[in-house]
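Below is one structure, written out as structure tokens; the observations come after it.
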Amino acid sequence: MKKKLWIAAAVFGILYFGVIVYHQLKPLPENVSYVGEPRMVAEEEISFLYDLTYKNEEDEEVYEQEIFEEIFALIDEAEHFLIIDMFLVNDFSTEDGSFPELSREFTDRIEARLEENPELKVVFITDPINTTYFSHESEHIAPLEAAGAEVIYTDLTRLRDSNYLYTGFWRIGLQWFGQSGSGWLPNVFGEDAPDATLRSYLKLANTKANHRKTVVSENAGIITSANPHDASAYHSNIGIKVQGETLRDIVESEKAVAAFSDGDLSRFPTEEELDEWIVTGEEEDRPVQTQMITEGKTKQALLKVINASEEGDTIWCGLFYLSDRDIIENLLHSASRGVTVNIVLDPNQDAFGQDKIGIPNLPVASELTRRGGENMNVRWYDTQDEQYHSKILYADRGEVRNVIAGAANFTKRNLDDFNLESNISVTAPADTDIMTDVDDYFHRIWNNEDAVFTVAYEGYAPSHPAFKYFLYTLQKITRFSTY
């Protein structure tokens, strides 16, 4: 009897750990972790967008916002197709105070455009978080389906599992019960959000997401760090708007998500339709190279740019989260080679409306300033109740400049093929408009030109650095975290 029990335990152990390993390393769906063709575009076909929240000299809060103005214009002008992939589209909030009804305006715009142009092919891809993992219908997204949009909730089970301590338990014992049903537990995303099922919370614990933030039509595409989420409306964010042949690769990257999530691929434009519909300028001079990159390909592009930097160059980063060890070590190595590294970080005091204690950025910043020497510089964006939610790296390498920007935080979860992420890599001469605009943006917030945007490292230096570094390391090892 004991022998049989030992055999049964051994078989279960092999199965359990086999499930963990497989779902950490399993093949990704086709065209996930995607890199598009290098595409040359004219200066007029690409632009840098940003939102900034700050206080002016009169201590009044100022909101400079252009990302959703551009997204709304893109929606309003779409004639043939409109593909949207957005992570957060809801009005859930655990915070006090009122916010703009950004999610409502976003979805109302799409619905209105469908009413004006019923022939418009609309594909709306999103993350199940907007239904609290199928505990309830999405108040904002459901009307789009009724209006004729192809609504696709990403099949997260097809992605790799980042939380290895939980994934075996989830995959073997819990996932088979599903999540849909009548919720009965308070919703962690907001007091006014619909109740959730226990099964939805069990799925949430197997942390991963479609974290993309992309909008594309035949006229233009926007890759951004901004969510159409009411409580995120005042966050500082960035985006890249691009036109021309790059749109083909954006469409292809989104078609991949629809394919593995059982979406209707006939709602996507064909190659022949893209040939006919994509708007390209007549300019012969196309000095800007763009390349669509997603998931793990973003990390490869980041490391390539960081390691190509030489003494006298400057690397700028504007980040909500920084915790990926490969990125950190290579930034430190660049600083040791004589590259100036300037990093603007969010102080991580708030996420999803929950108060935080500065992890991961406070312990990471402490490490960078301790190990980085005189070439490593860290400043904090001086947030109030909002976030500095940007995800951008800019390399000033003399006559040639690089920008990598989009949805991906600089974390293992976002850069190592766990979450879905959309980003764009841009390489161009220093005097092109987009590089001038990005350069001006970083100098403005770093030097506090015309307002206080950032404060010195000491302004948010961790009060208990050893404890916070221990907690950060523990969360990194166990992967029970959002980074």
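According to the UniProt record's numbering, the stretch in the sequence shown is residues 1 to 483, in order.
Just so you know, even glycine gets a beta-carbon here, dropped at the ideal spot from N, CA and C.
Item                                                                                                                                                                                              : Value
If we ignore side chains and look at the alpha-carbon of each, how far apart do residue 224 and residue 246 end up?                                                                               : 15 Å
Below 9 Å between beta carbons: does that hold for residue 415 and residue 302?                                                                                                                   : yes
Residue 397 by DSSP, collapsed to three states: which one?                                                                                                                                        : strand
Using 8 Å for Cβ pairs, my map puts residue 53 next to residue 234. What's the rounded Cβ distance?                                                                                               : 5 Å
Would residue 240 pass as a contact of residue 48 if the rule is Cβ separation under 9 Å?                                                                                                         : yes
Among residues of its own chain, excluding the 5 on either side of residue 85, which ones have a beta-carbon nearer than 6 Å to its beta-carbon?                                                  : 125, 212, 214, 254
Have a look at 66, 121, 167, 130 and flag the residue whose alpha-carbon is nearest the alpha-carbon of residue 522.                                                                              : This structure gives no information on residue 522, because the portion of the chain shown stretches from 1 to 483.
What three-state label does DSSP hand residue 440 in the structure shown?                                                                                                                         : helix
Keeping to the same chain, check which residues put their C-beta closer than 6 Å to that of residue 410; ignore five residues upstream and five downstream.                                       : 319, 322, 324, 327
Could you tell me which uninterrupted beta strand (DSSP E) segments, each at least 3 residues in length, are contained entirely in the stretch 80–137, listed from first to last along the chain? : 81–86, 121–126
With a Cβ-Cβ cutoff of 9 Å, do residue 346 and residue 398 count as a contact?                                                                                                                    : no
Measure the CB-CB distance between residue 504 and residue 153 and report whether it falls below 9 Å.                                                                                             : In the structure as shown, the chain begins at 1 and stops at 483. Residue 504 is therefore absent and cannot be evaluated.
Across which residues does DSSP place residue 239 in a beta bridge pair?                                                                                                                          : 49, 224
Would the beta-carbon of residue 106 fall within 9 Å of that of residue 89?                                                                                                                       : yes
What residue range does the beta strand (DSSP E) around residue 156 cover?                                                                                                                        : Note, residue 156: premise wrong, no beta strand (DSSP E); not H, not E.
Rounding to the nearest angstrom, what Cα-Cα distance links residue 82 and residue 276 in this structure?                                                                                         : 15 Å
Expressed to the nearest angstrom, what Euclidean distance is found between the alpha-carbon atoms of residue 372 and residue 343?                                                                : 12 Å
Going straight from the alpha carbon of residue 94 to that of residue 192, what length do you get?                                                                                                : 9 Å
How about residue 413: is its Cβ closer than 8 Å to a heavy atom in the ligand MN?                                                                                                                : No copy of the ligand MN occurs in the structure displayed, which carries no ligand at all.
Residue range of the alpha helix (DSSP H) that residue 13 falls in?                                                                                                                               : 2–25
For residue 379, which residues from the same chain have a beta carbon less than 7 Å from its beta carbon, with the 5 sequence-adjacent residues on both sides left out?                          : 344, 446, 454, 455, 456, 457
Give the DSSP-derived three-state secondary structure of residue 350 in the structure shown.                                                                                                      : strand
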